[in-house]
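So the working numbering is basically just the index in the sequence shown, starting at one, shifted up by 1251. Glycine is no exception: its CB is placed at the ideal position from the N, C-alpha and C atoms.
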Amino acid sequence: MTVADLLPWLTIPAAFALDAMLGDPRWLPHPVRWMGWTIAKAEPLCRKWIADERLAGLCFALGLIVGWWGLAALVVGVGWRLHGVIGFAVETVLLFYCLSARSLGQAAMAIHRSLAKGAVDQARSEVAMIVGRDVENYQAGDIARATVETVAENVVDGVLSPLFFAAIGGAPLAVVYKMVNTLDSMVGYKNPRYLLFGRVAARIDDVANFIPARLAALLIGLAARLCPGLNARRALITAWREGSHHASPNAGYPEAAFAGALGVCLNGPNYYHGVLVDKPYIGVGLGAVEIGHIPLACRLMTRTALLGCGAAWLGTVAAAIL
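Below, the structure is given as structure tokens:
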């Protein structure tokens, strides 16, 4: 076996290492921004050409997903055909763009630093950048809770799901997942504009995250064993008992695992665009989130991401051997 034969097996750990080193520097062009641009351009065209909102949303979502998969598969395929090193570099960089563990941790810790020095207004502005709820009246405890919830939920969207799909179909399938996730974040709303048009995109995102979200609960429990002061057993029990107690069919599982590991109560009622959404609490009977829980959540997220990378890598190796 030559070095060239090993390169396809190394794309996942190489992309993970690249994310750990670079995160999401603003000076780098990012495919997710291009995805957002194509979504913004395609929406009015689909609405114009197809009168039925459900059908328009279906064509819109499937067209973008298939188109981006085709583009990614073409770029990766050409790279591998030109040379093993080129293919390795192209696929590694594409997968790197699909991961966001470092940027998630950086955003959370920036909020922690603001709260630690008493700059609540600044922390409120920072948390508004990473959550979709109304935070105008949030105080320090509310901001800390929202931050921990975002770290818990996005360990799936930003790390584990891309790794899961990369293990199955390489960087092109991870790119497909990022398009699905970006579609959901832009049109998957239950408001008059997107209730019908964005329904397909939202359902595809639910399906895509179904397995990774449940695997995440197990990985979070294992990661909690590696974090002094966290409770692995309670993480798994809380995920099992309360993972389904969420408006999302998937977000509750990582949130419940984080709640159990940290010993805090998450979720609950929140305002979205001025409307109160009465969400159930997760981690019922556990303590309130405090500022000090943010770095613990980041530590748990990092170890969960590392375990996820290892699992994805082992999956690719096993599939290649078998």
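Take I1337 and list the residues in its own chain whose beta-carbon comes closer than 6 Å to its own, dropping the five residues that flank it on each side.
-> G1330
Could you spell out where the alpha helix (DSSP H) holding N1460 opens and where it closes?
-> Per DSSP, the continuous alpha helix (DSSP H) segment holding N1460 begins and ends at 1450-1476.
Straight-line Cα distance separating W1278 from M1552 = 25 Å
Out of L1434, V1344, Y1428, which has the shortest C-alpha to C-alpha gap to F1311?
-> With distances taken between Cα atoms, F1311 lies closest to L1434.
Cβ atoms of A1459 and V1431: under 8 Å apart, would you say?
-> yes
Three or more C-beta pairs below 8 Å linking the segment 1553-1563 and the segment 1521-1537 | No contact exists between the segment 1553-1563 and the segment 1521-1537.
In three-state DSSP terms, what is L1558?
-> It is helical.
The beta strand (DSSP E) enclosing L1527, as first and last residue numbers = Per DSSP, the continuous beta strand (DSSP E) segment holding L1527 begins and ends at 1526-1528.
Could you spell out the range, first to last residue, of the beta strand (DSSP E) harbouring N1521?
-> 1521-1523
Limits of the alpha helix (DSSP H) - the one that P1295 falls within | Unbroken alpha helix (DSSP H) run through P1295: 1282-1300.
Can you name the residues that DSSP bridges to G1538?
-> V1515
Provide the residue span of the alpha helix (DSSP H) that contains Q1373, from first to last.
-> 1371-1379
Per the contact definition of three or more C-beta pairs closer than 8 Å, is the segment 1356-1370 in contact with the segment 1486-1495?
-> no
Unbroken alpha helix (DSSP H) run spanning G1335, endpoints = 1335-1349
Nearest-angstrom beta carbon gap, P1500 and F1461 [assumed within contact, 8 Å] | The C-beta distance from F1461 to P1500 rounds to 7 Å, short enough to meet the 8 Å contact threshold.
Thinking F1415 and V1427 are a contact (beta carbons under 8 Å), I'd like their distance in whole angstroms, please.
-> About 12 Å separates the CB atoms of F1415 and V1427; that is not less than 8 Å, and the two are not in contact.
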